[in-house]
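Asks: In full-length UniProt numbering, the protein residues as written are 1 to 496.
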Ligand SMILES: Cc1cc2nc3c(=O)[nH]c(=O)nc-3n(C[C@H](O)[C@H](O)[C@H](O)COP(=O)(O)OP(=O)(O)OC[C@H]3O[C@@H](n4cnc5c(N)ncnc54)[C@H](O)[C@@H]3O)c2cc1C
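1. Ligand 1 heavy atoms versus the CB of residue 109: any closer than 6 Å?
2. For residue 453, does the count of other Cβ atoms within 10 angstroms reach 16, so buried, or fall short, so exposed?
3. Taking 6 Å as the cut-off, is the CB of residue 376 close to at least one heavy atom of ligand 1?
4. Could you tell me if residue 416 is buried or exposed, where buried requires 16 or more neighbouring beta carbons within 10 angstroms of its beta carbon?
5. Go ahead and pull the three-state DSSP assignment for residue 307.
6. What does a CB cutoff of less than 7 Å around residue 304 pick up in its chain, not counting 5 residues either side in sequence?
7. For the stretch 260-341, list the alpha helix (DSSP H) runs that are entirely contained and at least 4 residues long, ordered along the chain.
8. Could you tell me the distance, in whole angstroms, from the CA atom of residue 262 to the CA atom of residue 336?
9. Between the beta-carbon of residue 279 and the beta-carbon of residue 257, is there less than 7 Å?
10. Is residue 379 helix, strand or coil by DSSP?
11. From residue 288 to residue 53, what does the alpha carbon distance come to, in whole angstroms?
12. Go ahead and label residue 117 buried or exposed: buried means 16 or more other beta carbons lie within 10 angstroms of its beta carbon, across all protein chains shown.
13. Does DSSP put residue 484 in a helix, in a strand, or in coil?
14. Excluding the 5 residues preceding and the 5 following residue 202 in the sequence, name in chain order all residues of the same chain whose CB lies nearer than 7 Å to its CB.
15. Is the closest heavy atom of ligand 1 to the C-beta of residue 282 under 6 Å?
16. Please report the residue range of the beta strand (DSSP E) in which residue 191 lies.
17. Please report the distance separating the alpha-carbon of residue 302 from that of residue 234.
18. Within the present structure, is the beta-carbon of residue 88 separated from the nearest heavy atom of ligand 1 by less than 6 Å?
19. Ligand 1 and residue 298: does any heavy atom of the ligand fall closer than 6 Å to the residue's C-beta?
20. How about residue 149 and residue 349: do their beta carbons lie closer than 7 Å?
21. When every heavy atom of ligand 1 is checked, does at least one fall within less than 6 Å of the C-beta of residue 187?
22. Ordered along the chain, which non-local residues of its own chain (more than five positions away) have a Cβ less than 6 Å from that of residue 93?
23. Give every residue of the same chain whose Cβ lies closer than 8 Å to the Cβ of residue 76, excluding the five residues on either side of it in the sequence, and list them in chain order.
24. In terms of alpha-carbon separation, which member of 463, 460, 459 and 428 lies closest to residue 474?
25. Quick one: measure Cβ to Cβ for residue 463 and residue 431, integer angstroms, because I've assumed they're closer than 8 Å.
26. Taking 7 Å as the limit between beta carbons, can you name the residues of its chain near residue 362, skipping five residues before and five after?
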C-alpha cells in the first residue's frame, strides 16, 4: 500500500498528540493517495479468473519508514524509567505521551521503523476528537449496511481509512521530540525485582527500568491471566485490489453486507453461512481501486480461513467484481473479549495486550490512542520528578489508571454483547443489526466507540429490545439468559 502513498511534503511539527493541528477537514480526501497504481508500480497486470483472485500474488512490498529516531546509546549503562515493548500504535502512542513529561523511555521492537502491516479503519469523529483527522487516506461521509437483499441502512456517520504511514510518522515524530530512545531487538524475557524490572533481548542486551510496559500485541506472553481466556475471534481476509469495475457508491463505505444471494449455487457454503455468517466490508477509493474484506465478526472456535476465502470468491463472482491486481492482502485474526489480565501485575499492558480491543467489534486503534494519555498520566504521577512511587504501588496505580472499576464494568457489558453475537445465526444477526442501527445514534455511536456509561448501556439494552422484531425478541429471551447471568456475576465480582 505504501507504494501508493506520496511522501509527506511538509515536515512534521512536534506537538503533543492531543494538539495535532488538523490540516484538513474530516471529510477531505487525500487525493494524492489515489493516483492510479500503475504510476507507482511496474508490475505485470494479471487478470484473475472471473471472480477468483486467490491466485494473484500481492504486489506490495512493505518498505521501512525513513525517519531519524534516537537509538539507545549502548556505550554506557542506560538509565531508563520505562521500557515499552513494541512500536505498534499502542507502544508508540504511549511512549510519546509518557516521555513528554520528562520520563526516560525506551521502545524495544525488532523493527521500530517497519510499516505497520494492518489496514486500519475508524469512525472519523474518533480520530477528530484526538486532533488526528488529518491521518486518514480517505473518508466517506456515510456508511451503509445491507441487512439482506431487500433492506439497506444508510448510516449518517463519516468513516475513514487511517493513513498508517502518516499516523506512525506523527507518533515517531512526537517520540523523537520528547526524547524517546529506540532499541532494535526482540524481548525474550522479563525479570522482576522489588522496585525495578529488566528486559532480556535476543541480541544479548539486558536493560533495567522502573516499569516495563508490554505493547507487543495480541500474541504477547508477558502479561499474565488468572482466568481461562475464552476469546471469540474475528477472522477476515482482505485485499486492496484493482478491479475492472465494482458496484459500490463512492461516497459510502460498506460497513457490512449480510446478503447471501451469492451462495445460491453453493449449498455447502450457504448452510455454514446460515449458522456462522460472514459479511463483506468494502472501502471504495475510486471506480477501480477498492479494499474488500470478507469478515466473520466473531466466532468461537474460530471459523476456518479457507472457508472465509471461499465465501469471498463466491461473493465477488456473484457481484461481477473481476480483480485485475491484488496490491496488498491481509489475514486478520483478532482475539476478542475474554477476561482482563490480572490487575495489578508487574508488567503493565497497553493495546492488544491489555484487553483494549472492543469485545463486540474488534476495533481498537482509536480507543488505544484515546486511553494512552490517561495511562501516561498515571505513570507520570508515580515516576515524575516530584514523586517516586515504584514496585507494587506503581503497578497498582497504573493498572487501575487504565482499568478503573467503571471501565471494567462497561467492558463486561461489551463482552456480553460479544457472547450474544456468538449465539446468533444469520437470521438472528440480521435482525440484531436491523434493530441496532435503528437506535438513537447516541447509543449505537457510543456502543461502537466504547464511550457509554453503565447506565447508558442499560438504556441501550431496553431500547434495543423495544426496536427488535418478534423473532429477535425471542432470540434475546431464549439465547441471552446464560451470557446475561455470567455478565451479572462478573459485574458483581468486578465491583467488590
Ligand atoms: C489485520 C488486522 C486489521 C485490523 N484492523 C483494525 C481496524 O480497522 N480498526 C481498529 O481499530 N483495529 C483494527 N485491528 C485491531 C488492532 O487495532 C490492531 O491489532 C493493532 O495493530 C493493535 O495494536 P498494538 O500496538 O497493540 O499491537 P501491534 O500493532 O500488533 O504491534 C505490536 C508491536 O510489537 C512488536 N513485538 C511483538 N513481540 C515483541 C517482542 N517480544 N519484543 C519486542 N517487540 C515485539 C511487533 O513487532 C509490533 O511492532 C486490526 C487487527 C488486525 C490483525
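The beta-carbon is built from N, C-alpha and C at its ideal position, and this holds for glycine as well.
Quick caveat, the model's predicted, so the values are computed rather than measured.
Replies: So, from the data block:
1. In this structure, ligand 1 has a non-hydrogen atom nearer than 6 Å to the beta-carbon of residue 109.
2. exposed
3. No, since every heavy atom of ligand 1 falls outside the 6 Å radius drawn around the Cβ of residue 376.
4. Residue 416 comes out buried.
5. Residue 307: helix per DSSP, three-state reduction.
6. Here the set comprises nothing.
7. Within the stretch 260-341, the complete alpha helix (DSSP H) runs of at least 4 residues are 267-275 and 305-319.
8. 28 Å
9. A contact, by the Cβ cut-off of 7 Å.
10. helix
11. 15 Å
12. exposed
13. DSSP, read as helix, strand or coil, puts residue 484 in helix.
14. 185, 186 and 188
15. Distance from the C-beta of residue 282 to the nearest heavy atom of ligand 1 is not below 6 Å.
16. Going by DSSP, residue 191 is part of the beta strand (DSSP E) stretching over 187-192.
17. 7 Å
18. yes
19. no
20. no
21. yes
22. 171, 369 and 372
23. none
24. 428
25. Not really, about 15 Å apart at Cβ, beyond 8 Å.
26. If you ignore the 5 residues before and after residue 362, its C-beta comes within less than 7 Å of the C-beta of 234, 334 and 336, all in its own chain and listed in chain order.
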